[in-house]
Amino acid sequence: MNDLDLGVFIKDHRKKAGLTQLQLADLAGIGKTTVFDIEKNKETVRFNNLLAVLQVLNIKIEFKSPLTK
């Protein structure tokens with residue numbers, strides 16, 4: 001998955017989970033507009049809101065760096 005479209009990825013997972021944007025927003029403790037913005041790859045989305053959505057959808061992210069062991 002080299003060219004990851006995060007918005008499409010999240011939208012696909014939301015739909016597979018059987019959730020509407022409003023349901024996902026409620027579960028994540030954010031507004032429906034924020035879910036819409038995430039799915040549209042808006043640059044104004046706060047990182048903590050993105051993390052809340054990922055947590056609800058059980059999507060894990062990993063940070064790697066050659067500078068850490």
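So that you can map any letter, position 52 of the sequence shown is 52 in full-length UniProt numbering, and since no number is skipped, the others follow by simple counting.
Glycine included, every Cβ here is placed at the ideal spot set by N, Cα and C.
Since the model is a prediction, treat every value here as computed from it, not as a measurement.
Around the C-beta of MET1, are 16 or more other C-beta atoms found within 10 angstroms, so that it is buried, or is it exposed?
At MET1 the pLDDT is 42, less than 50, meaning the model places this residue with poor confidence and gives no usable figure here.
Should ARG14 be labelled buried (16 or more other beta-carbon atoms within 10 Å of its own) or exposed?
Taking every protein chain shown into account, the CB of ARG14 has 16 or more other CB atoms within 10 angstroms, so this residue is buried.
Range covered by the alpha helix (DSSP H) that runs through GLY7:
From DSSP, the alpha helix (DSSP H) with GLY7 extends over 6-16.
Confirm, please, whether the CB-CB distance from LEU27 to VAL45 is below 9 Å.
Result no, Cβ atoms of VAL45 and LEU27 do not sit closer than 9 Å.
Hey, would you say LEU6 sits closer than 9 Å to ILE30, going by beta carbons?
The criterion of a C-beta distance shorter than 9 Å is not satisfied by LEU6 and ILE30.
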